[in-house]
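Read the structure below first, then the notes.
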Amino acid sequence: LEDIMMLQKIAKENNMEYIPLIQTFGHFEFVLKHEKFADLREVPQYSQSLCPSRQNSLEIIHLMIDQIMSTHPASKYLHIGADEVYALGKCNICTGRLETEFSGDLQSLFLSHVTAVSRYIKKKYPATVVIMWDDMLRNINTTKGEGCQKELQTMVRIAANQTESKTNRESVASQRSLPTKSDRITNKKRLGVAN
Ligand SMILES: [Zn+2]
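Under the numbering used here, the first residue of the sequence shown carries the number 3, and numbering increases by one thereafter.
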């Protein structure tokens, strides 16, 4: 906590904007690697991605957001990550929701989660500007998930993510368009996930 305060102080003294970032979807290993939270993984053997359909998933995100907001009281921004969600729509609950709620559209499932996260922040911390990475939103189908997209646009600023590798980008792109079984296996191999 002292380090966090020190960083904020240094940023302020040097006229820099300090933007806290918490991952809320992919890159969630720091939580999902713990046995206690393993049941929140989208794919049991893979701790990268959070399942967006379990009640505890949002609850843990809410706790993390509250914690980060309390340690960054002067921050105007909160970055929610949401890049490179490699496992999406794979578990039983998400597969069911994809069919019943989202007409099989993975992008809509993605949008519903980031919208729920952003909604929580805007409701509890209305002055905070929410930022997320753009890579999962590239090539998004404009007709599906339109309600969520419009709502998201009012809540979130999109930041271009140029740090990801080409391989990662290809991997995400192939997941966007409902991958075939062979695509999925290729992705898993690339990510080192056993079938
Ligand atoms: Zn799931």
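Ideal Cβ placement from N, Cα and C applies to all residues, glycine included.
Everything numeric in this text was worked out from a predicted model, so none of it was measured.
Under the assumption that CYS96 contacts PRO46 (Cβ atoms under 8 Å), give the Cβ distance between them as a whole number of angstroms. Residue numbering aside, residue 96 sits at position 94 when the sequence shown is read from its first letter. Residue numbering aside, residue 46 sits at position 44 when the sequence shown is read from its first letter. In fact, because the Cβ distance is near 13 Å, the residues do not count as touching under 8 Å.
In whole angstroms, give me the CA-to-CA distance for ARG121 and LEU113. Numbered from its first residue, the sequence shown carries residue 121 at position 119. Numbered from its first residue, the sequence shown carries residue 113 at position 111. If I take the Cα positions, the gap works out to 12 Å.
Along the beta strand (DSSP E) that carries MET134, what are the first and last residues, could you check? Here residue 134 refers to the residue found at position 132 of the sequence shown. MET134 -> beta strand (DSSP E) spans 131-135.
Within the present structure, is the beta-carbon of LYS54 separated from the nearest heavy atom of ligand 1 by less than 7 Å? Indexing the sequence shown from 1 puts residue 54 at position 52. Here the sequence assigns Pro to residue 54, which means Lys is not the residue at that position. Checking the Cβ of PRO54 against ligand 1 gives yes.
Give me the Cα-Cα distance between HIS29 and ILE62, rounded to the nearest whole angstrom. Numbered from its first residue, the sequence shown carries residue 29 at position 27. Numbered from its first residue, the sequence shown carries residue 62 at position 60. Whole-angstrom Cα-Cα distance: 15 Å.
Report yes if the C-beta of CYS96 is less than 7 Å from at least one heavy atom of ligand 1; otherwise report no. Position 94 of the sequence shown, counted from the start, is the residue given in the question as residue 96. Result yes, Cβ under 7 Å from ligand 1.
With distance defined between alpha-carbon atoms, name the residue in MET138, GLY147, THR130 and LYS152 nearest to PHE104. Walking along the sequence shown from the start, residue 104 turns up at place 102. Checked all of MET138, GLY147, THR130 and LYS152; the closest Cα to PHE104 is GLY147.
Tell me the DSSP secondary structure of LEU90 in three-state form. One-based indexing of the sequence shown puts residue 90 at position 88. DSSP places LEU90 in coil when its eight states are reduced to three.
May I ask you to report which of helix, strand or coil DSSP gives LEU34? The residue labelled residue 34 in the question sits at position 32 within the sequence shown. In the structure shown, LEU34 sits in a helix (DSSP, three-state: H, G or I).
For the segment 15-26 against the segment 69-82, are there 3 or more C-beta pairs whose distance is under 8 Å? yes
May I ask which residues mark the beginning and end of the alpha helix (DSSP H) holding ALA13? Residue 13 sits at position 11 when you count from the first residue of the sequence shown. From DSSP, the alpha helix (DSSP H) with ALA13 extends over 4-15.
Any non-hydrogen atom of ligand 1 closer than 7 Å to GLU44 Cβ: What you label residue 44 is simply residue 42 of the sequence shown in a count that begins at 1. True, at least one ligand heavy atom lies under 7 Å from that Cβ.
Does the pairing of the segment 80-92 with the segment 128-140 give three or more beta-carbon distances under 8 Å? yes
Could you name the residues of the same chain whose beta carbon sits closer than 7 Å to that of TYR127, not counting the 5 residues immediately before and after it, in chain order? For this step, residue 127 is matched to residue 125 along the sequence shown. Only MET71 meet the Cβ criterion.
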